[in-house]
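Undergrad: In terms of my numbering, the sequence shown opens at residue 904 and continues consecutively.
Glycine included, every Cβ here is placed at the ideal spot set by N, Cα and C.
Values in this document were obtained by computation on a predicted structure and should not be read as measured data.
Just passing along the structure, written as C-alpha cells.
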Amino acid sequence: MAIAIALILIVIASVAFHYYSPWWLTPAASNWGEIDDAFTLTIIITGAFFIVINLLIAWIVIRYRHKPGRKSTYQPESKKLEAWLIGLTTVGIVALLAPGLVVYGKFVTVPEEAQTFEVVGEQWKWSFRFPGKDNQLGQSGIQFISPTNPLGLDPDDPASTDDRIVLGPELHLPLFTSFKVLLRSKDVLHDFNVPQFRAKMDLVPGTVTYFWFTPTQRGTFDILCAELCGIGHFNMRGRVIVEDDANFGVWLASQPTFADSQQPQASSDTTNLVELGKTLSEVNGCIACHSLDGKPGVGPTWLGLYGKTELMSDDAEVVVDDAYLRTAILNAGAEIVKGYPAIMPVYQFNDQEVEAIIAYIKAVSEPSPSP
C-alpha cells in the first residue's frame, strides 16, 4: 500500500511541478516555433504515458494486494493484451517521431532567398564571416590558418578579398531576414546554440555543417556552445544582436574585409602596439580564457597581472615581467601558475606580435581610473 501511495504522490507532484515550475522556455525569437510545438507534443505524450502507467501500477498494487486465501493465476500469453500494448506503443512512437521528422525536413531545406554567413568555432571563442559585395564567401582551408589569418581564408581566392571578418564574440543580424548558417570548427566538436532561436547545430571538425533560421524579434541573445568541448567550454560565449536592416548595414560596413586584415600593421608607437595586441588577443582567443575584469577564468586574469608575483605549480614564485610574459606566450607549458590547468595551445607569434600582446597586457593590467 505504501508503494501505491508513493506512486500517486509522485504523479501529483510531477504534474504540479510542470505547471508551477519557474524554469520554462523563453519566447521563441525565430521562425522555429514548430520546434516548440514538437517539444510540447513530446511532453504531452510522454507525460500521459507517465501518468497512466504509474497510476495503473498503483491501482494494481491496491486492487491485487495480498489477502489471506487469495491466489494468483499464471497467464503466460495474452494475444489481446499484446495487441493493445503493440498498438498503443506504435501510435505513441509514431506520434513522437512524425512531427520531429516533418520539422527536421524543413530545418535542412534552406529557402532560396536566404542569405549566408559563416560561424567558426574554436577553443573557446566564436568568429564570424559575411560575404562582401560579390555575395559569395571565399574558400578556406586549414593550411592557410595563421595568427594574421585565423579563419584560414584562401588569400589567392578573389572571392575572399571582400569577405567581412568578425573576430569578436558579437554578431549582428537584421530582423526578418532568412540566413543559411555555415558552421566549421578549427579543433574539436562544438555546437552553435542561441536558445531563443531554438535551432542549433554541431560544428564538426573536417566538414561544413549548416542550418537556417529567420530572426523574428529584436533584442540581444546569448550565444552558447551546447557541446562539451573542453575545460573552457563554459566560457565559450557570445551574443547576437537582432536589429533593423539599416543598423545592421552600418555595423557590417564597420567590420574589416579580409583584404584589410592582411595589410601590414604599423605598430612603431605604443598606441598602435596596444591596438595590435588587442586584436591579436581577440583573434587568437586569449581573452576567452584570461578575463580583463578580475573575474576567475580558465587562466589568470590580466587585470593587475603585470608586476604581480605569481606562485607556480612547483611552488616557485615568479614576478610577471616582460621576460616571463614572453615565455608564457611562446612556451606556455614551461611555467604553469598554480591552480590553473596546462591547456594553453602553442602559438607561433613573431617578435613584433609578442611585443604587442605584452603591451596590451600592460595596458589592461591597471584598472581604469574612476570618473
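Taking only the alpha-carbon atoms, compute the straight-line gap between Ala-919 and Gly-950 and give it to the nearest angstrom.
TA: Those two C-alpha atoms are separated by around 12 angstroms.
Undergrad: Please name the residue, chosen from Val-1013, Pro-1203, Ala-907, Asn-1175, that lies closest to Ile-956 on a Cα-to-Cα basis.
TA: Taking only the C-alpha atoms, the option nearest Ile-956 is Ala-907.
Undergrad: Starting from Cys-1192, trace the alpha helix (DSSP H) in both directions and tell me its first and last residue.
TA: First-last of the alpha helix (DSSP H) with Cys-1192: 1189-1192.
Undergrad: Between the Cα of Asp-1196 and the Cα atoms of Ala-1219, Gly-1207, Asn-1187, Val-914, which residue gives the shortest distance?
TA: The candidate whose alpha carbon is nearest that of Asp-1196 is Gly-1207.
Undergrad: Which same chain residues, not among the five before or five after Gly-1071, have their C-beta less than 7 angstroms away from its C-beta?
TA: Glu-1185, listed in sequence order.
Undergrad: Could you check how far apart the C-beta atoms of Val-1023 and Lys-1089 are, in whole angstroms? I think they sit under 8 angstroms.
TA: At roughly 6 angstroms, the Cβ-Cβ gap stays under 8 angstroms, so Val-1023 and Lys-1089 are in contact.
Undergrad: Comparing alpha-carbon positions, which option in Gln-1039, Arg-1032, Pro-1118 lies nearest Leu-1086?
TA: Out of Gln-1039, Arg-1032, Pro-1118, Arg-1032 has the C-alpha closest to the C-alpha of Leu-1086.
Undergrad: On the CB-based measure, 16 or more other CB atoms within 10 Å of its CB, does Lys-1028 come out buried or exposed?
TA: Under this definition Lys-1028 is a buried residue.
Undergrad: With a threshold of 8 angstroms on Cβ separation, who are the neighbours of Ile-1126 within its own chain once the five nearest residues in sequence on each side are excluded?
TA: Cβ within range, chain order: Trp-1029, Pro-1072, Leu-1074, Phe-1095, Asn-1096, Val-1097, Arg-1140, Gly-1141, Arg-1142, Val-1143.
Undergrad: Among Ser-1049, Phe-1010, Asp-1057, which one has its Cα closest to the Cα of Asn-1187?
TA: Taking only the C-alpha atoms, the option nearest Asn-1187 is Ser-1049.
Undergrad: Suppose you measure from the CA of Val-1261 to the CA of Ile-1045; what does that come to, to the nearest Å?
TA: For clarity, residue 1261 is Ile in the given sequence; the question names Val instead. In a straight line, the C-alpha of Ile-1261 is about 27 angstroms away from that of Ile-1045.
Undergrad: Would you check if the distance between the CB atom of Thr-1064 and the CB atom of Ala-1162 is smaller than 7 angstroms?
TA: Contact: yes.
Undergrad: Counting only runs that start and end within the segment 1107-1150, where is the beta strand (DSSP E) found for 3 or more residues in a row?
TA: The qualifying runs are 1112-1116, 1122-1128, 1140-1146.
Undergrad: Assign Trp-927 to one of three DSSP states: helix, strand, or coil.
TA: In the structure shown, Trp-927 sits in coil (DSSP, three-state: anything other than H, G, I, E or B).
Undergrad: Leaving out five residues before and five after Ala-1235 in sequence, what residues of the same chain have Cβ atoms less than 7 angstroms from its Cβ?
TA: Closer than 7 angstroms at Cβ, skipping near neighbours: Met-1247.
Undergrad: Go ahead and pull the three-state DSSP assignment for Pro-1002.
TA: The answer is helix: DSSP assigns Pro-1002 an H, G or I state.
Undergrad: Where does the unbroken beta strand (DSSP E) through Asp-1094 begin, and where does it stop?
TA: Per DSSP, Asp-1094 belongs to the beta strand (DSSP E) from 1093-1096.
Undergrad: What are the boundary residues of the beta strand (DSSP E) that includes Arg-1067?
TA: Counting along the chain, the beta strand (DSSP E) containing Arg-1067 begins and ends at 1067-1069.
Undergrad: Tell me the DSSP secondary structure of Val-1267 in three-state form.
TA: Helix.
Undergrad: Measuring only the C-alpha atoms, how far is Ala-1156 from Asp-1066?
TA: When rounded, the distance between both Cα atoms is 11 angstroms.
Undergrad: Straight-line CA distance for Ser-1171 to Tyr-1263?
TA: Its pLDDT being 49, under 50, Ser-1171 is placed unreliably by the model, and the measurement read from it follows with that caveat. Their backbone Cα atoms lie some 14 angstroms apart in a straight line.
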